[in-house]
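J.: Questions regarding the structure given below will be posed in turn.
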Amino acid sequence: MHRFLTIILFMAIYLPGVWAQGNRDFMRETGKINVVVGVILLIFIGIVWFLLRIERKLTKLEHQLKEEQQ
Amino acid sequence: MWWKALSVVLVVYSLLAGMLAPLKPGITRTNPETAKSGQTVTVQVFGYNSFYTRSAANELRVWLEYDSLHALAGQDIKILSDTSLEASFLFPPDLPNASTSVLLNAILDHPKDGVSLLPGAFELVKNTDTAAVAGSGAWNRNPVGDLHVIKDFTFPYRNVIYESIRNTYYHVPMWFALMFLFLASVISSARYLRNPTLENDRRASAYAETGLFFGLMGLVTGMLWAHYAWGRAWSNDIKQLMTAVALLIYFAYFILRRSFDEPEKGARLAAVYNIFAFASLIPLLYIVPRMFASLHPGATGNPAFGSQDLDNTMRLVFYPAIIGWTLLGFWMAQLRIRYQRLEDRVMDLE
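Going down the list, the protein sequences come from chains A and B. First residue of the first sequence? That's -13 in the numbering used here, and the numbers climb one at a time after it. First residue of the second sequence? That's 208 in the numbering used here, and the numbers climb one at a time after it.
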């Protein structure tokens, strides 16, 4: 859970700096449209993180139920 | 079930309409960006999303404007490309006011594309060498007027943020979803205090958790946007600080829930805490930010959306986006509630 949070924060803060290096500025090109792409990407990653958390909890519950039945 | 389908339809609509509709044409810069009074200068104007070649040069009009009484119309307009043209300006020997330099707005009127404007585009410096001042130009010989206002499905062009104005449909609905989810959470907590059932507690915690998730998303997307719009991801803007405080208060809600051996006692205290947390959310997000200068739209007085930040085309995407993301948030919270219900039942079996 915390690992995913770290990855999201890393992406938001560190990656723009990487993109900004060199002569081409990927994020500021073409009217900063890639900032919008980045925002949508972050939200998507966040939703996947949310799904993964539920998935992990469900897996645990399934194992528990299996043990009950045995 | 219908509202889940609706949430998907609205989010997809906000993604498609928000990304595909073009921006209105704008002016990115002029070249040169400065001149002295009394000079005659050929100025190049660079457009964004513009189609200058679609009309004849004599249909295009361009001005450098100080205020409604002081504006200079460009002469001998030459269209160089869709996004650049040049015009010559006869600057009068005197400035519109007594200062040593003034900033002029560039205004361009195109019969098919409409008006575009760049505030403070051009600096006119007072020429101290009076002998060199030979200009015969005068302010407002051709005042700004008869502008073409085109109504179509386009988003406003704003200097500095450009295309990232579209983040209004993705960053801002996160905060609306947070607000509705925290509201649902506090209602469930109040219900729990009147009727302490496991179900009410499950709902309160799941809504708070999903609300917190949207808060984190809003914060992270806001930091990315801020990096390119304000220059820094975190500039201690009052709204940034207050939302960070509000999210920490809700983090503490979960720590409080888990710090009791008896679940009933923890649930009860957490329910009381939740009511206080929600009560503190209102001043933190809606009152305090209005009392200080902020980088957020509206600045002092009203850090929300006025008519200047949100035009009618944007509303057509913005409001559906809010409803869509909020419903999606409730869907996500419902999954958490249903999971918790199952877990509680499995625990009962043991």
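Where a beta carbon is used, it is the ideal one built from N, C-alpha and C, also for glycine.
1) Any C-beta of chain A sitting closer than 8 Å to the C-beta of B/Leu542?
2) Please go through the segment 401 to 448 of chain B and give each complete alpha helix (DSSP H) segment of 4 or more residues, from N-terminal end onward.
3) Determine the extent of the alpha helix (DSSP H) in which B/Tyr273 is found, giving its start and end residues.
4) Kindly give me the distance between the Cβ atoms of B/Leu388 and B/Ala212, rounded to whole angstroms, as I take these residues to be in contact under 8 Å.
5) At 7 Å on the CB atoms, spell out the chain B contacts of A/Gln50, in chain order.
6) Taking only runs of the beta strand (DSSP E) that begin and end inside the segment 443 to 506 of chain B, which ones reach a length of at least 3 residues, in chain order?
7) Could you tell me if B/His355 is buried or exposed, where buried requires 16 or more neighbouring beta carbons within 10 angstroms of its beta carbon?
8) Hey, quick one: how far does the beta strand (DSSP E) through B/Gln251 stretch, first residue to last?
9) Taking the CB atoms as reference points, tell me whether B/Gln251 and B/Asn238 lie closer together than 8 Å.
10) Please list the partners that A/Val34 has in chain B, where partner means a Cβ-to-Cβ separation under 7 Å.
11) Name the chain A residues that come within less than 8 Å of B/Phe420, Cβ to Cβ?
12) For B/Arg373, which residues in chain A fall below 7 Å Cβ to Cβ?
13) Look at B/Leu297 and B/Gly327 and say whether their C-beta atoms are less than 8 Å apart.
14) Here's the rule I'm using: 16 or more other beta-carbon atoms within 10 Å means buried, otherwise exposed. How should B/Tyr493 be labelled?
15) How would you write the range of the alpha helix (DSSP H) that B/Asp551 sits in, first residue to last?
16) Please state whether DSSP places B/His317 in a helix, a strand or coil.
17) Measuring alpha carbon to alpha carbon, tell me which of B/His434, B/Ala391 and B/His317 ends up nearest B/Thr417.
T.: Reading off the structure:
1) yes
2) 405 to 436
3) No alpha helix (DSSP H) contains B/Tyr273, which is instead part of the beta strand (DSSP E) from Arg268 to Asp274.
4) About 20 Å; that fails the 8 Å criterion.
5) Those within 7 Å of A/Gln50 in chain B are Val553.
6) none
7) exposed
8) Thr247 to Tyr255
9) yes
10) Under the 7 Å cutoff, chain B gives no residues; its nearest Cβ is about 12 Å from A/Val34.
11) Gly32 and Phe36
12) Val22
13) no
14) exposed
15) Asn519 to Leu556
16) If DSSP states are grouped into helix, strand and coil, B/His317 belongs with the strands.
17) B/Ala391
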